[in-house]
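Numbering (the numbering used here), first residue to last: 11 to 258. Note that beta-carbon positions come from the ideal geometry of N, C-alpha and C, so glycine has one too. Being a predicted model, the structure only gives us computed values, none of them experimental. Notes for the one structure printed next.
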Amino acid sequence: MVCLLYAAAMIECLLYAAAMIECLLYAAAMMECLLYTSTMIECLLYTAAMIECLLYTAAMFECLLYAAAMFECLLYAAAIIERLLYAAALMACLLYAAAMIECLLYTAAMIECLLDAAAMIECLLYTAAMIECLLDAAAMIECLLYTAAMIECLLDAAAMIECLLYTAAMIECLLDAAAMIECLLYTAAMIECLLDAAAMIECLLYTAAMIECLLDAAAMIERLLCAAAIIECLLYAAAMIVYCMLQQ
Numbered sequence: 011m012v013c014l015l016y017a018a019a020m021i022e023c024l025l026y027a028a029a030m031i032e033c034l035l036y037a038a039a040m041m042e043c044l045l046y047t048s049t050m051i052e053c054l055l056y057t058a059a060m061i062e063c064l065l066y067t068a069a070m071f072e073c074l075l076y077a078a079a080m081f082e083c084l085l086y087a088a089a090i091i092e093r094l095l096y097a098a099a100l101m102a103c104l105l106y107a108a109a110m111i112e113c114l115l116y117t118a119a120m121i122e123c124l125l126d127a128a129a130m131i132e133c134l135l136y137t138a139a140m141i142e143c144l145l146d147a148a149a150m151i152e153c154l155l156y157t158a159a160m161i162e163c164l165l166d167a168a169a170m171i172e173c174l175l176y177t178a179a180m181i182e183c184l185l186d187a188a189a190m191i192e193c194l195l196y197t198a199a200m201i202e203c204l205l206d207a208a209a210m211i212e213c214l215l216y217t218a219a220m221i222e223c224l225l226d227a228a229a230m231i232e233r234l235l236c237a238a239a240i241i242e243c244l245l246y247a248a249a250m251i252v253y254c255m256l257q258q
């Protein structure tokens, strides 16, 4: 009878030991899940870094496009300056041609005056009138040329103002792009913080599960101790019974 009780106690101990081994296997599986979770978090961080690199590459390409547009504006300004120089040279040539025409007319009048003294006075008067008319015409032509040059300068100034406005718009776009990139960086940092918080929450949940398993193991150990105490009491009772039987 004592041997049967001892055997039953041994079997119960083996069952409790099997349950504890099962708890240890569950804990090992939980540790493997934690390792897998850390690997996934590292992969997500690498993905975020790659996305940030792509955003920086796109921003650099946009800056190159804006630089090309600014170079085109500079070429347009150089063309405007070349037109202004050409207009100045043309105006100088026209003034020189008017001076030569005036000299030729004056030479012809002098020759005619030398040929005829009486006609010379009339020619002088006529020449004076003609010279006055030519001067008036030259002044009018000069005024027209100045007016045309001023109109062309105003048009060129308008074009230059348009270029400056376009440059200001480009600068504003660059500032907006910089602000957007900064916002994206802040968003990525916030997402990374949220991922870290999620990982911490998951670790806390796993820790709570492990604590629950440890509490279950403690309860099982307590049960084992109670069972051992009961078995010890039963063995003591059996020994007392055997002792009484032997006394009889």
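From A169 to A59, what distance separates their C-alpha atoms? Going by the C-alpha atoms only, they are around 45 Å apart.
Below 8 Å between beta carbons: does that hold for A159 and A97? Yes, Cβ-Cβ distance for A159 and A97 is below 8 Å.
Could you check if A133 is buried or exposed, using at least 16 other CB atoms within 10 Å of its CB as the buried criterion? Note on identity: in this sequence residue 133 is Cys, with Ala being the wrong assignment. So C133 ends up on the buried side.
Of the residues I111, I51 and I240, which one's Cα is nearest the Cα of D206? I51 is the residue among I111, I51 and I240 whose C-alpha sits nearest the C-alpha of D206.
Threshold first: 3 residues or longer. Then list the beta strand (DSSP E) segments lying entirely within the stretch 19-101, N to C. Entirely contained in the stretch 19-101, not one beta strand (DSSP E) run reaches 3 residues.
Measure the CB-CB distance between C173 and Y86 and report whether it falls below 8 Å. The answer is yes: Cβ separation under 8 Å.
Under 6 Å Cβ to Cβ from C83, same chain only, skipping five residues before and after it: list those, please. The answer, listed in chain order, is C173.
C-alpha distance - A29 paired with A247, whole-angstrom precision: When only Cα atoms are considered, A29 and A247 end up about 29 Å apart.
Helix, strand or coil at D166 [DSSP, three-state]: D166: helix per DSSP, three-state reduction.
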